[in-house]
Structure formats: C-alpha cells, structure tokens
Amino acid sequence: MGKRPWRDLIDNSPARRRFLAQLAVLAAAGSAPVWAKDFEVSRWPAGEPMPALRATDLSGKTWRLADLRGRAVLLNFWASWCPPCRAEMPSLQDMAAFYGPDKIIVLAINFKESQGTAARFARASALTLPVLLDPHGDIARQWGVHVFPTTVLIDAAGRPSAVVRGEVDWTGQGGEQLVTPLLPTASPPPALRT
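So for the sequence shown, the numbering used here puts the first residue at 1; every next one is plus one.
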C-alpha cells in the first residue's frame, strides 16, 4: 500500500509538542490577555466603524479622538506587567518627540491597572506621552485588544489604517514605514536614526 501523506502531519516531534503545549496554554487562558515580543500588522477592516474614544489621562484631562483630527494618532494599549510593552515605550516616546505633537499624538492607554501603578511606571520611565486610564478594560474591549502591546494606527484624516500587535521599534525602519503614511504631510521625513 502507498505512503499516506497525512501521516507526516501526525507526528510526535518536539516542535509539534511545543506547539500543542502553547495551544493548550492559550486555550486554558481563555480570554486572558497575552503579550507579544514580535509584531504583526493587519489592515483595519474596510467598512468597519472605528469605536469612539473618550478617556482620562493621569492629570485628569479628557481625550477624544475627534479633537485630534489633522494629526496622526497612535493608540498604544499597554500594561506595566507586559515586558514588550515596557521595552517598546521609549521608542514610542522618541518617535512622538521626533515628529512633534503638530503631526502625531501617541496615546498610551494603560490596561486594567490603577492610576497609581500607571503613574509610578510613567515616572520611573520618564514617560511624557499622555497616559490614558482603562481601569476596567472597557476601551481595550471596544477596540478588540487581546494582545499587548497593541497599537492602532489612525491617519491625520481620522481614519483607522492598521492594527499592530506586538513590540515595534518605532524609531527603526519598520516603525517609520508604519507611521509615515499616516502623517498630515506628504513629504518624507528625514531618517529617524543616523
């Protein structure tokens, strides 16, 4: 009798066992948030409306997306317990400072942590980005966020462009390629890194 190709798919290799173990952990976690060191980009689904955003930052200021038209906006969902979130934050801040608030605003939306925890992280990290609070995870849920960090890219016209899941070096070439098309000006920026 001939070889059955499907038998090759049913093996007991170490790679398959690792994959199945990871799959079991994810299944057991249910809807528990996970974090991602590498990143993937997916386009915002055509025709899907963008959720409204109204959130308060650490100083009590209320932020609304509608008030930010004319500038690119990055909604970065993060938590202090997430190693890739902590690693990504300095490059997000550097990128925002490089372009300036007249071109881009990065809103760092803290997931389910107290105001004190978010403020301590911001102080310890010398974070100057607006840190918005999502103490119950309602904003993350509305935006479909389950992986941290997740960054939603919104162009200067207020249209959602893409969702980035995982850690990005926002000052590197990959970050620049994601951000440049969102900016209000068509001219390419100088290189972020020299």
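Don't be surprised by glycine CBs; every beta carbon is placed ideally from N, CA and C. Because the structure is a prediction, the values reported are computed rather than measured.
Residues bridged to residue 40 (per DSSP): Taking the first residue of the sequence shown as 1, we reach residue 40 at position 40. For residue 40, which the question treats as bridged, DSSP gives the partners 165.
Neighbourhood of residue 91 by C-beta distance below 8 Å, restricted to the same chain and skipping five residues each side: Looking up residue 91 in the sequence shown gives position 91. Shown here for residue 91: same chain residues with a beta carbon closer than 8 Å to its own, the five before and five after excluded, namely 168, 169, 170, 171, 172 and 175 in chain order.
DSSP beta-bridge partners of residue 78: In the sequence shown, counting from the first residue as 1, residue 78 sits at position 78. Among the bridge pairs identified by DSSP, residue 78 is matched with 110.
Integer-rounded CB distance, given that residue 156 should sit under 8 Å from residue 71: As a first step, residue 71 is located in the sequence shown; it is residue number 71 there, counting from the start. As a first step, residue 156 is located in the sequence shown; it is residue number 156 there, counting from the start. Contact between residue 71 and residue 156 holds, with the beta-carbon distance rounding to 6 Å and staying under 8 Å.
C-beta atoms of residue 150 and residue 163 nearer than 8 Å: Within the sequence shown, numbered from 1, the residue matching residue 150 stands at position 150. Within the sequence shown, numbered from 1, the residue matching residue 163 stands at position 163. In contact: residue 150 and residue 163 (Cβ atoms closer than 8 Å).
8 Å contact criterion, which residue 132 and residue 63 should meet: CB distance rounded: Here residue 132 refers to the residue found at position 132 of the sequence shown. Here residue 63 refers to the residue found at position 63 of the sequence shown. Between residue 63 and residue 132 the Cβ distance is about 6 Å, and since that is below 8 Å, they are a contact.
Nearest residue (CA-CA) to residue 115, options 134, 65 and 125: For this step, residue 115 is matched to residue 115 along the sequence shown. Of the listed residues, the one whose Cα sits closest to residue 115 is 134.
Residue 177, buried or exposed, once every other Cβ within 10 Å from all chains shown has been counted against 16: Along the sequence shown, read from residue 1 onward, the residue named residue 177 stands at position 177. So residue 177 ends up on the exposed side.
Coil, strand or helix - residue 141 by DSSP: Your numbering for residue 141 matches position 141 in the sequence shown. DSSP places residue 141 in helix when its eight states are reduced to three.
Pairwise C-alpha distance: residue 87 and residue 80: Sequence index remark: in the sequence shown, residue 80 carries index 80 (1-based). Sequence index remark: in the sequence shown, residue 87 carries index 87 (1-based). A direct Cα-Cα distance of roughly 10 Å separates residue 80 from residue 87.
Three-way DSSP call (helix, strand, coil) for residue 157 in this model: Reading the sequence shown from its first residue, position 157 is the one you call residue 157. Note: residue 157 maps to coil in three-state DSSP.
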